[in-house]
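In what follows, a structure is listed as structure tokens, so that the remarks can point back to it.
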Amino acid sequence: MAKTPAPPADPGAPAATQATTLYDRMRADLLAGRLLPPGRKLQIEFLGHHYGAGQTPVREALNRLTADGLVEQRDQRGFAVAAVSPADLVEITNTRCWLEEIALRKSMASGDARWEEELVLAFHRLSKTPRSLQADRFEANPEWEQRHRAFHRALIGGCGSRWLIGFCEQLADQLYRYRQLSVQKIFPDRPIQAEHEALMDAITAGNADLAVALLTEHYQKTARIVLDDPEAFEG
132 MAKTPAPPAD
142 PGAPAATQAT
152 TLYDRMRADL
162 LAGRLLPPGR
172 KLQIEFLGHH
182 YGAGQTPVRE
192 ALNRLTADGL
202 VEQRDQRGFA
212 VAAVSPADLV
222 EITNTRCWLE
232 EIALRKSMAS
242 GDARWEEELV
252 LAFHRLSKTP
262 RSLQADRFEA
272 NPEWEQRHRA
282 FHRALIGGCG
292 SRWLIGFCEQ
302 LADQLYRYRQ
312 LSVQKIFPDR
322 PIQAEHEALM
332 DAITAGNADL
342 AVALLTEHYQ
352 KTARIVLDDP
362 EAFEG
């Protein structure tokens, strides 16, 4: 595993502060697939050396990541990267579709001018950002990933429920992890910009049924790409 570029945790900082810093760094590495393969045992001593932190903040960070569903705690065997499976991907995708349908319909029905402005701005920023840093081969663009996430967050941002948004964000984390398994297969053939544009057109027209259908197909298509990749679940 490549050394994480972020600086080591401050050994003089309180354990709670170290755990928060470690949580952010380890979460980013898990989502980006830098701690693969799924099911890999996460040894506290190794992680402490890798991230430059003590065992107490490492354990606290792992406990928080377990609550997020990104790490599994295996009784007497310690911690491991959360496993992946086709059935889990289908379940997470379906659940996200169900919850975001509620959130999107609510946003469209009761979202104010501020929600609309933030959504339009998020879409504009995403549209101006290339998916890949290279035109002839895929090289992930971190800025695109951030703006893509911001756009999807903005879609449901007017629903009025921080709990619903929080649940959707947790599911988005899980699906991002799966998407990383087949990101090379998704680019450049998928017209993802056109999918976003069609979704925005439906929202602008006030057609909630079409917007929900397009958003659902957007997520389901990603799942199908991963499911059809014979290498996605190898580990």
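Position in the sequence shown counted from 1, then plus 131, gives you our numbering. From the three backbone atoms N, C-alpha and C, an ideal C-beta is built for every residue, glycine too.
Here leucine 153 really is in contact with alanine 192; their C-beta atoms are around 4 Å apart, less than 8 Å.
Residue nearest to leucine 312 within the set Ala159, Ala234, Ala363 and Thr224 is Ala363 (criterion: CA-CA distance). In the three-state DSSP reduction, lysine 237 falls in the helix class (H, G or I). Distances from the CA of arginine 190 to each of Tyr350, Leu178, Arg171 and Gly200 were compared; the closest alpha carbon is that of Leu178. Counting the other CB atoms within 10 Å of its CB gives arginine 262 a total of 16 or more, which places it among the buried residues. Take the alpha-carbon of leucine 201 and the one of aspartate 155: they are about 12 Å apart. Taking the Cα positions, leucine 345 is about 25 Å away from proline 273. In summary, histidine 255 is exposed, with fewer than 16 beta-carbon neighbours lying within 10 Å of its beta-carbon over all protein chains present. Contact between the segment 277-292 and the segment 171-185 is absent: fewer than 3 CB-CB pairs across the two stretches fall below 8 Å. Inside the segment 155-214, DSSP marks whole alpha helix (DSSP H) runs of 4 or more residues at positions 175-182 and 186-199, from first to last along the chain.
One thing to note: glycine 170 has its Cβ no nearer than 8 Å to the Cβ of valine 221. A direct Cα-Cα distance of roughly 20 Å separates alanine 253 from leucine 341. With contacts defined by Cβ atoms closer than 8 Å, aspartate 304 and aspartate 219 do not form a contacting pair. Taking C-beta atoms as the reference points, tyrosine 307 and valine 357 fail to come closer than 8 Å. If you draw a straight line from the Cα of glutamate 328 to the Cα of leucine 196, it comes to about 34 Å. Per DSSP, the unbroken alpha helix (DSSP H) holding threonine 353 starts and ends at 339-358.
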